[in-house]
Amino acid sequence: MGQLDQKVAIVTGSDSGIGRAIAIQFAQEGATVVINYAHAQDKAEEVMQTIKKNNGTAIIMQADVSQYQQVAGLIQHTIERFQHINIMVNNAGMEVHSPFLDETEEHFDRVLGVDLKGAFFGAQLAAREMIKQKIAGRIINISSVHEDLPMPGNVPYCCAKGGMRMLTRTICLELAPHNITVNNIGPGAVHTPIDRDVEADPEKMGALLKEIPLHRMAQPEEVAQMALYLASDAASYVTGATFFIDGGLMRNTGGL
Numbered sequence: 007m008g009q010l011d012q013k014v015a016i017v018t019g020s021d022s023g024i025g026r027a028i029a030i031q032f033a034q035e036g037a038t039v040v041i042n043y044a045h046a047q048d049k050a051e052e053v054m055q056t057i058k059k060n061n062g063t064a065i066i067m068q069a070d071v072s073q074y075q076q077v078a079g080l081i082q083h084t085i086e087r088f089q090h091i092n093i094m095v096n097n098a099g100m101e102v103h104s105p106f107l108d109e110t111e112e113h114f115d116r117v118l119g120v121d122l123k124g125a126f127f128g129a130q131l132a133a134r135e136m137i138k139q140k141i142a143g144r145i146i147n148i149s150s151v152h153e154d155l156p157m158p159g160n161v162p163y164c165c166a167k168g169g170m171r172m173l174t175r176t177i178c179l180e181l182a183p184h185n186i187t188v189n190n191i192g193p194g195a196v197h198t199p200i201d202r203d204v205e206a207d208p209e210k211m212g213a214l215l216k217e218i219p220l221h222r223m224a225q226p227e228e229v230a231q232m233a234l235y236l237a238s239d240a241a242s243y244v245t246g247a248t249f250f251i252d253g254g255l256m257r258n259t260g261g262l
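For the sequence shown, the residue numbers in the numbering used here are 7 to 262.
Encoded structure:
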């Protein structure tokens, strides 16, 4: 028996990185997983095949989570296919590095659209279905240490992740009467495509590792283990919290 047997989970942005690891972990524990992608269908199909090779169940669905109608379609198609949703993981994210004084409206809207708007309406639309079917659901938002830590040159991303923190803290109160929990995971440095530029630069990598007490980056699977806990029955009394998976970075006196 898996920890997520007979559960249906949507994981946005699960064609790579942390989302990919979460989708695979959930499927290993018995969940039926909806692998969401925006553009990289080939990568999403690779995740699906990996799951199926391990006797898991998964399908892929395309949606740009910055677009409300596409998020609504993702939820609706999942209901049509599987009749219910138990777990919503708002993982899709992006960042654009640019000095504050050079930042553009286009970059701001795109980052906030994917990282915050997508999570807001993903949570809202999934919660409506959970409530309609009286499901004790789980909403898990993948935030970042930068919901608290400033990161010069990445202001929209920090704004989005800070907003995600307050989204989690606020909607957990509104959804608690419906037995729906809402939690945040705040990864630090993780071996994913979003941190590829840092890993490719020895100087940047050295500076980063100096700030992390455990002196290493996390693997996506380590973040996925926390997501599994929050999605499981073991976390039924946990809501409104952020769990930092950061090797001690948030407790260091330095900063990024």
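From the three backbone atoms N, C-alpha and C, an ideal C-beta is built for every residue, glycine too.
Identify, in the order they occur along the chain, each residue of the same chain with its Cβ nearer than 6 Å to the Cβ of Arg144, setting aside the five sequence neighbours on each side.
-> Within the same chain, Arg144 has close Cβ partners Ile93, Thr187, Ala237.
Look up Leu124 in the DSSP assignment and say whether it is helix, strand or coil.
-> The residue asked about is misnamed: residue 124 is Gly in this sequence, not Leu. Taken through DSSP and simplified to helix, strand or coil, Gly124 comes out as helix.
Arg26: buried (16+ other C-beta within 10 angstroms of its C-beta) or exposed?
-> Looking at its Cβ environment, which holds 16 or more other Cβ atoms inside 10 Å, Arg26 is buried.
Give me the Cα-Cα distance between Ile24 and Ile191, rounded to the nearest whole angstrom.
-> In this structure, the straight-line span from the alpha carbon of Ile24 to that of Ile191 is close to 11 Å.
Could you work out which residue in Ala33, Tyr243, Cys164, Ser242 is closest to Gly62 when comparing CA atoms only?
-> Nearest of Ala33, Tyr243, Cys164, Ser242 to Gly62, Cα basis: Ala33.
For Pro162, count neighbouring C-beta atoms within 10 Å of its own C-beta (all shown protein chains included) and say buried if the count is 16 or more, exposed if not.
-> Under this definition Pro162 is a buried residue.
Could you give the distance in angstroms between the alpha-carbon of Asn185 and the alpha-carbon of Arg171?
-> Asn185 and Arg171 have their C-alpha atoms some 20 Å from each other.
Residues that DSSP places opposite Val229 in a beta bridge = Per DSSP, none; premise fails for Val229.
Looking at the structure shown, is Gly23 part of a helix, part of a strand, or coil, going by DSSP?
-> Note: Gly23 maps to helix in three-state DSSP.
By a C-beta neighbour count over all protein chains shown, 10 Å radius and 16 as the cutoff for buried, is Met223 buried or exposed?
-> Around the beta carbon of Met223, 16 or more other beta carbons lie within 10 angstroms, which makes this residue buried.
Rounded C-beta distance between Ile41 and Val53? I'm assuming under 8 Å.
-> With a Cβ gap of about 5 Å, Ile41 and Val53 count as contacting.
Please name the residue, chosen from Arg87, Met100, Glu51, Ala46, that lies closest to Ser72 on a Cα-to-Cα basis.
-> Per the Cα distances, Met100.
Looking at the structure shown, is Gly261 part of a helix, part of a strand, or coil, going by DSSP?
-> The predicted model places Gly261 with a pLDDT of 46, which falls under 50 and marks its position as unreliable; any figure quoted below should be read in that light. DSSP places Gly261 in coil when its eight states are reduced to three.
Can you name the start and end residues of the beta strand (DSSP E) that Pro193 belongs to?
-> That run of the beta strand (DSSP E) goes 187–193.
Inter-residue spacing [alpha-carbon to alpha-carbon] between Tyr43 and Gly128 | Their backbone Cα atoms lie some 14 Å apart in a straight line.
From Val102 to Asp239, what does the alpha carbon distance come to, in whole angstroms?
-> Straight across, the Cα-Cα distance linking Val102 with Asp239 is about 37 Å.
For Arg144, which three-state DSSP category applies?
-> In the structure shown, Arg144 adopts extended strand secondary structure according to DSSP, grouped into three states.
Cβ neighbours of His197 in the same chain (closer than 8 Å, five flanking residues each side left out) = Once the five neighbours on either side are set aside, the close Cβ partners of His197 are Glu205, Met223, Ala224, Gln225, Pro226.
Taking Leu181 and Glu35 to be in contact with their CB atoms under 8 Å, please state how far apart those CB atoms are, rounded to whole angstroms.
-> So it is not a contact: roughly 23 Å between Cβ atoms.
Can you list, in chain order, the residues of its chain whose CB lies under 6 Å from that of Cys178, leaving out five sequence neighbours each side?
-> Excluding positions up to five away in sequence, the list reads Val188, Thr245, Gly246.
Please classify Thr84: does DSSP put it in a helix, a strand, or coil?
-> When DSSP states are grouped into helix, strand and coil, Thr84 belongs to the helix group.
For Ser104, I'd like the list of residues in its chain whose CB is within less than 7 Å of its CB, leaving aside the five on either flank, ordered along the chain.
-> The beta carbon of Ser104 sits closer than 7 Å to those of His113, Gly159, all from its chain and outside the five residues before and after it, given in chain order.
Would you kindly check if the distance between the Cβ of Phe126 and the Cβ of Leu173 is under 8 Å?
-> At the C-beta level, Leu173 and Phe126 come within 8 Å of one another.
Alpha helix (DSSP H) runs wholly inside the stretch 169–224, at least 4 long, in chain order | Within the stretch 169–224, the alpha helix (DSSP H) runs of at least 4 residues that lie entirely inside it are, in chain order, 202–205, 208–217.
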